[in-house]
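K.L.:
If you scroll down you'll find the structure; I have some questions about it.
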Amino acid sequence: MFPSCALITATILASLAFATPIAGPSGPVMCGTNVYSAAQLSSALTMGYSRLTSPIDSFPHIFNNGEGLPVTPSCSSSRLFEYPLVTGRTYSGGDPGPDRVVFSATGWYCTVMTHSGVGGNKLTSCMSA
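Spelled out as structure tokens, the structure:
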């Protein structure tokens, strides 16, 4: 009896561990002067989600949304994480730049934000390009 419960539990946990993140916007997004395609956003979101248990240079890390940035409805009551968006590649360490993709602990896309154009360590939402 217990082995079958263990097998069911392991199967459920494995499916959660390898869940595919929910893709972000269908079109490009502009953060300051940087423009990111939907594919770049999806790549960063996928990498960030896959790194929840093994961060690179502290990313992804929890995003507390102190600025009250708008997020997708599926993220409004979720724990949020941020991961760098860098031009020309998917972030894999080093300088994270000013731009971030935000996602939930379950991999849902939440928003894209930037430090560009705002003072200090503040953030603002990126816009559709």
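Here the sequence shown stands for residues -19 to -1, 1 to 110, numbered as in mature numbering (1 follows the signal peptide of the UniProt record, and there is no 0). Every residue gets a Cβ at the ideal spot worked out from N, C-alpha and C, and that includes glycine. Computed from a predicted structure; not experimentally measured.
How big is the Cα-Cα spacing for residue 33 and residue 108?
P.N.:
Computed Cα separation, rounded: 26 angstroms.
K.L.:
Using a Cβ-Cβ cutoff of less than 6 angstroms, which residues in the same chain neighbour residue 17 once the five nearest sequence positions on both sides are dropped?
P.N.:
Excluding positions up to five away in sequence, the list reads 10, 66.
K.L.:
Entirely within the region 16 to 90 and at least 3 residues each: give me those beta strand (DSSP E) ranges in chain order.
P.N.:
Complete beta strand (DSSP E) runs here, min 3: 42 to 44, 61 to 66, 80 to 85.
K.L.:
Look at the Cβ atom of residue 13, then the Cβ atom of residue 76, and state whether they are nearer than 9 angstroms.
P.N.:
No. Outside cutoff.
K.L.:
Return the chain-ordered list of same chain residues with a C-beta closer than 6 angstroms to the C-beta of residue 28, the five sequence neighbours on each side being excluded.
P.N.:
These residues qualify, in order along the chain: 71.
K.L.:
Could you work out which residue in 87, 21, 59, 78 is closest to residue 95 when comparing CA atoms only?
P.N.:
The residue with the shortest Cα to Cα distance from residue 95 is 78.
K.L.:
Whose C-alpha, out of 31, 51, 92, 100, is nearest the C-alpha of residue 19?
P.N.:
The residue with the shortest Cα to Cα distance from residue 19 is 92.
K.L.:
Three-state secondary structure (DSSP) at residue 12?
P.N.:
Residue state, collapsed to three classes: strand.
K.L.:
If you reduce the DSSP assignment to three classes, tell me which class residue 104 lands in.
P.N.:
Coil.
K.L.:
Less than 8 angstroms between the CB atoms is what I'm expecting for residue 5 and residue 22, so what's the real figure, rounded?
P.N.:
Right, the Cβ-Cβ distance comes to about 4 angstroms (below 8 angstroms), so this counts as a contact.
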